[in-house]
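Colleague:
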Amino acid sequence: MKKLIVSAMAAIFILGTLSAQEEQKEAKSKVKYSTNINFVANWPLEARLTVTETIKVPVLNFDNPFMRGNNIAFKLGAAVTPVTLEGKFDIVWTPIAFLEVYGGASIGSGWSIKLLGRNIHGLALNLNNGGETLKEPVNFTKAFYTANFGTALQFDLGAIIPTDWTHVIFRTDQYFLYRGVTGVGASDSWVIMDDYGENRNGFSYYGTYLIGYQLPLPMNMIAFRLETKKTFFSASGSLDKSVWGEDRFDVVFGPIISFKPIDQLSILLIVQFENIHTYTNGTKDDNKFYQTRIIDKSKGDTIRFKRVGVILDFTLPNN
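Taken in order, the sequence shown gives residues -20 to -1, 1 to 299; the numbers are from mature numbering (1 follows the signal peptide of the UniProt record, and there is no 0).
1. Which residue spans inside the stretch 195 to 281 form an unbroken beta strand (DSSP E) run of at least 3?
2. Express the C-alpha separation of Q271 and I242 in angstroms, rounding to a whole number.
3. Could you compute how far the alpha carbon of E254 sits from the alpha carbon of D281?
4. Output the boundary residues of the beta strand (DSSP E) element that contains I141.
5. Can you say whether L248 is buried or exposed, counting buried as having 16 or more other CB atoms within 10 angstroms of its CB?
6. Quick one: give me the first and last residue of the beta strand (DSSP E) that R151 is part of.
7. Can you find the residues in the same chain that come closer than 8 Å, C-beta to C-beta, to I283, ignoring five residues on each side of it along the sequence?
8. Could you say which of T113, V118, D153 lies nearest to T162 if we only look at CA atoms?
9. Which residues share a DSSP beta bridge with R284?
10. So, for G83: in the same chain, excluding its five sequence neighbours on each side, which residues have a beta-carbon less than 8 Å away from its beta-carbon?
11. Tell me which residue opens and which closes the beta strand (DSSP E) that D70 is part of.
12. Identify, in the order they occur along the chain, each residue of the same chain with its Cβ nearer than 7 Å to the Cβ of N299, setting aside the five sequence neighbours on each side.
13. Just to confirm, are F213 and G262 a CB contact at a threshold of 7 Å?
14. Who are the near neighbours of I93 in its chain, counting only those whose CB is closer than 7 Å to its CB and skipping five residues on each side?
15. Note down, in chain order, each residue of its chain lying with its Cβ closer than 7 Å to the Cβ of V251, except the 5 sequence neighbours on either side.
16. Look up Y122 in the DSSP assignment and give the residues it is bridged to.
17. Among V60, I237, Q134, L206, which has the Cα closest to the Cα of G102?
18. Looking at N50: is its Cβ nearer than 7 Å to the Cβ of K36?
19. For the candidate residues T32, L245, L219, whose alpha-carbon lies nearest to that of S167?
20. Please report the residue range of the beta strand (DSSP E) in which S167 lies.
21. Assign residue 354 to one of three DSSP states: helix, strand, or coil.
22. Name the residue from S246, F78, N179 whose alpha carbon lies nearest to the alpha carbon of I140.
23. How about V290 and A21: are their beta carbons less than 7 Å apart?
24. Of the residues K279, V164, D153, G67, which one's Cα is nearest the Cα of Y185?
25. Compare the Cα-Cα distances from G217 to each of G165, S238, D230, I202 and report the closest residue.
26. Out of A203, L157, F19, S238, point me to the one whose CA is closest to R151's CA.
27. Please return the same chain residues whose Cβ sits closer than 6 Å to the Cβ of K240, not counting the five positions on each side in sequence.
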């Protein structure tokens, strides 16, 4: 499987609560508890189930539109895919209506399976075998871990012009993610959730941007989302990361349609595309070890289909 997008979709679910009217309803003085169940199914074949318990504590609430809903949310969750198992903890602080500050950590492990004639790796080493890629399963003998810190800015025109049809929404997240695997060196490559295997222990910087329109209908949102990613991995010896294009940004983008048949349930339909670097000696999908490819600087990136999927998000208030 390619890397799943649950963490990115969380930003979209938050957008459903941006209007001033909804903020007023939610701004109560008591601590609130909720259980969230999130299921993702994509093509090419991907699936992920996440269960999260949230405790939301009111903090610095004041009687004005910007601060009456201030809170700190503590989230404890577990996620499972056909090839990985992960536990995670997050904190989200909302000091003012249009700003969030958040951080979190997770730890998990993975295994490899064979499906439809191909190997699918939840967690594996990516070795350079004479210029060819060799993916070596670890099957629970190693663990992956993450830590993240970031901020989000969000805007809803409906908070300024309060009608049912003026909810033009915007949200941007900017965050750092450190991701690593136990028992490997800084220059060792690895595969996670059956991605391209171009990972090494280190930081990545993500920027996500969403603009959409909310409607007072069962089909309650139409949006466009763009995600950029820049890695800051170290390379061994005298290797130059720009040779295989690691100094460049990776971009994923596409439309989103959201349905809300009942208050507790959101259904999102997504289509995503990605940029693919052009090489002089191969393609992104061949069996060459990625650090042996050479970027073709005379050509730009190409755009291709990445995934289509559905996300079911169910939240059950516990008080």
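For every residue, glycine included, the Cβ atom is placed at its ideal position computed from N, Cα and C.
Modeller: Inspection of the coordinates gives the following:
1. 199 to 212, 230 to 242, 245 to 256, all fully within the stretch 195 to 281.
2. In this structure, the alpha-carbon of I242 lies about 49 Å from that of Q271.
3. Rounded to the nearest angstrom, the two C-alpha atoms are 10 Å apart.
4. Per DSSP, I141 belongs to no beta strand (DSSP E) and is neither H nor E.
5. Counting Cβ neighbours within 10 Å, L248 comes out buried, since at least 16 surround it.
6. That run of the beta strand (DSSP E) goes 147 to 161.
7. Here I283 has F253, E254, N255, I256 as same chain residues with Cβ atoms under 8 Å from its own Cβ, once five neighbours each way along the sequence are excluded.
8. Among T113, V118, D153, the Cα nearest to that of T162 is on V118.
9. Beta-bridge pairing links R284 to E254.
10. Listed in chain order, the non-local C-beta contacts of G83 below 8 Å within the same chain comprise D70, I71, A127, N128, F129, G130, local neighbours out to five positions each way being set aside.
11. Secondary structure note for D70: its beta strand (DSSP E) is the uninterrupted segment 64 to 76.
12. K12, Y13, listed in sequence order.
13. Going by C-beta atoms, F213 is not nearer than 7 Å to G262.
14. Once the five neighbours on either side are set aside, the close Cβ partners of I93 are P62, V63, I100.
15. Cβ within range, chain order: G234, P235, V288.
16. The amino acid at residue 122 is misidentified as Tyr; the sequence shows Lys. In the DSSP output, where bridge partners are listed per residue, K122 has none listed.
17. Minimum Cα distance to G102 is reached at V60.
18. No. Outside cutoff.
19. The residue with the shortest Cα to Cα distance from S167 is L219.
20. DSSP places S167 outside any beta strand (DSSP E), giving it a letter other than H or E.
21. An answer regarding residue 354 cannot be provided, because it is not within the stretch -20 to 299 covered by the chain.
22. For I140, the nearest C-alpha among the options comes from F78.
23. Taking 7 Å as the Cβ cut-off, V290 and A21 qualify as a contacting pair.
24. It is D153 whose Cα lies nearest to the Cα of Y185.
25. Closest in alpha carbon position to G217, among G165, S238, D230, I202, is G165.
26. Closest option to R151, Cα to Cα, is A203.
27. Only N200, S246 meet the Cβ criterion.
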